[in-house]
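These notes are about the structure you will find just below.
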Amino acid sequence: MIYVYKSLFHIYIAWNTGGFFFYFIPVAEHECKNQQLELKENKQITNGEKLEDQQSSSESMKLLKQAIKSVREGQPSVSSICFYTYINAYQGLCSVDISSDQGMISAGFEDSSIKIWRVSPGSLQTKETDTDPSKLFLAADYWNVESEESSPKYEESVTLKAHNGAVYKTCFFNQLPYLLSGSEDGSVRLWDLDSFTNKVCYNGHNYPVWDIDISNSNDYFTSCSQDRTAKLWTTDRIYPLRSFVGHTADIDCVKFHPNSNYIATGSSDRTVRLWSLQDGKSVRLMQGHRGTILALAFSLNGQYLASAGDDRRIRVWDLNTGTLFKELRGHTETVHALSFNKDSTLLASGGIDCCIKAWDVRKGVNNNNTVVDGHTSAEMIGSYQTKSATVIWLNYTKHNVLQAAGTV
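Numbering (this note's numbering), first residue to last: 2 to 409.
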């Protein structure tokens, strides 16, 4: 049964036996100084009469240009935040992802299972077979559930099982009914979300797969592992197209550049590397973190790369030079998630300290005046509590609404 609770600022959706509920975090409206264009009252226009302007057209145009400039150069406003919290996570929540159309949410668990929900109240159409007494859609490498006699069944959530270890990452394809998952068993699996069956098992890593990312074009995906390598794949081949070797410890996170010609990797060796997909070579090495790197994010314009992790600091890198653009301080615990907005002006971050922070990344390199109170960067323009839920996933939608997810 799905329970729905509504209030002025929040919508709660919860399942009776474990599940997600989501709510909107109200964001205070920031005053926009010098962005208002004052218009004096004009006389009413009637037939045969001329409007007597109180300002010349040149003055009005000048004011308009000043207002536009003020909006462009002023502090960016923080968008709405929609936060999803998983409750009763007795299976051990490891990862979360939301489809690009915001229609489905997936989660990977320590018990090797994957769960799929609809974001809005409703049901998922699945198929029930005689070979599936537990009513879970078990998938194996060479068994296709669709070949069995089956009848449609509607569920509030669907559980997928095929992995033999914790599922550390789930990732939806953009506008396609497929899902990727990476596991402790070293495999990556492709799931069909129309039939909720496992279509392909990709084996190439010798140790747990920590992270997966899919290119914007859906042509390629990449994975990284405890075996200190990242690999490039395409869905129609079960073997990797390329391996990226150079880190001296686990590669904990991986991310495609917006142009899909490069990937970035973050490692337990405290370095970030940028790799060329064309030849598999490392083209940038970024050093300076004091702990494991757990999160990466590219700006949509492709100019910046943000990294964060155990050292609680966010470092923003200029990819043209491979040098540090700025360092952002403010989190008090490990940072697990980063996301740039679609304008590349704001960076959102979240972690174990149960808060989401928003940063203005348009200013220049740090100096002694950009840290206030000894520990918080002046670029931070907002900090929002998440009702005791740790933040493990962040993403800006195409409308610049920030989606976030975590668990209590």
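C-beta: ideal position from N, C-alpha, C; glycine also.
Tell me the DSSP bridge mates of residue i?
i	result
residue 298	307
residue 339	350
residue 166	Answer is none; residue 166 lacks a bridge partner.
residue 158	118
residue 288	272
residue 394	406
residue 105	119
residue 222	215, 234
residue 356	386
residue 171	182
residue 210	226
residue 328	316
residue 267	254, 273
residue 177	Per DSSP, none; premise fails for residue 177.
residue 363	DSSP, once it has assigned bridges, lists no residue as partnering residue 363.
residue 188	204
Is there a Cβ of chain C sitting closer than 8 Å to that of residue i, yes or no?
i	result
residue 306	Annotation note: the requested chain C is absent from the structure, which comprises a single protein chain.
Residue range of the beta strand (DSSP E) that residue i falls in?
i	result
residue 87	82-88
residue 430	This structure cannot speak to residue 430, because the chain is shown only from 2 to 409.
residue 239	Unbroken run through residue 239: none, as it is neither H nor E.
residue 204	198-204
residue 98	94-99
residue 253	252-257
residue 316	315-319
residue 282	Counting along the chain, residue 282 falls outside any beta strand (DSSP E), and DSSP gives it neither H nor E.
residue 195	Careful: residue 195 lies outside any beta strand (DSSP E) and carries neither H nor E.
Any idea if residue i is buried or exposed, counting beta-carbon neighbours within 10 angstroms, 16 or more meaning buried?
i	result
residue 185	buried
residue 92	buried
residue 394	buried
residue 324	exposed
residue 62	exposed
residue 330	buried
residue 322	exposed
residue 104	exposed
residue 240	exposed
residue 249	exposed
residue 397	buried
residue 212	buried
residue 268	buried
residue 161	buried
residue 253	buried
residue 102	exposed
residue 350	buried
residue 221	buried
residue 390	buried
residue 251	buried
residue 237	exposed
residue 400	exposed
residue 388	exposed
residue 59	exposed
residue 282	exposed
residue 199	buried
residue 189	buried
residue 262	exposed
residue 242	exposed
residue 342	buried
residue 159	buried
residue 313	buried
I believe residue i touches residue j by the beta-carbon criterion, under 8 Å. Please report the beta-carbon distance rounded to the nearest angstrom.
i	j	result
residue 187	residue 208	6 Å
residue 274	residue 290	At roughly 12 Å, the Cβ-Cβ gap does not stay under 8 Å, so residue 274 and residue 290 are not in contact.
residue 295	residue 335	7 Å
residue 404	residue 83	5 Å
residue 95	residue 210	The pair is not a contact, with the Cβ atoms about 11 Å apart (cut-off 8 Å).
residue 380	residue 361	5 Å
residue 1	residue 223	This structure cannot settle anything about residue 1, because the visible part of the chain is limited to 2 through 409.
residue 1	residue 300	The displayed coordinates of the chain run from 2 to 409. Any statement about residue 1 would go beyond what the structure contains.
residue 171	residue 180	6 Å
residue 383	residue 359	4 Å
residue 108	residue 120	Wrong, their Cβ atoms sit about 12 Å apart, outside the cutoff.
residue 307	residue 392	Actually they do not touch by this definition, with Cβ atoms about 15 Å apart.
residue 266	residue 286	So it is not a contact: roughly 11 Å between Cβ atoms.
residue 90	residue 408	5 Å
task = Pair every Cβ in the region 192-199 with every Cβ in the region 216-223, then say whether three or more of these pairs are closer than 8 Å.
result = Taking 8 Å as the limit for Cβ pairs, the verdict is that the region 216-223 does not touch the region 192-199.
ask   = Do the region 277-291 and the region 249-266 make contact, defined as three or more Cβ pairs closer than 8 Å?
value = Touching, per the Cβ criterion.
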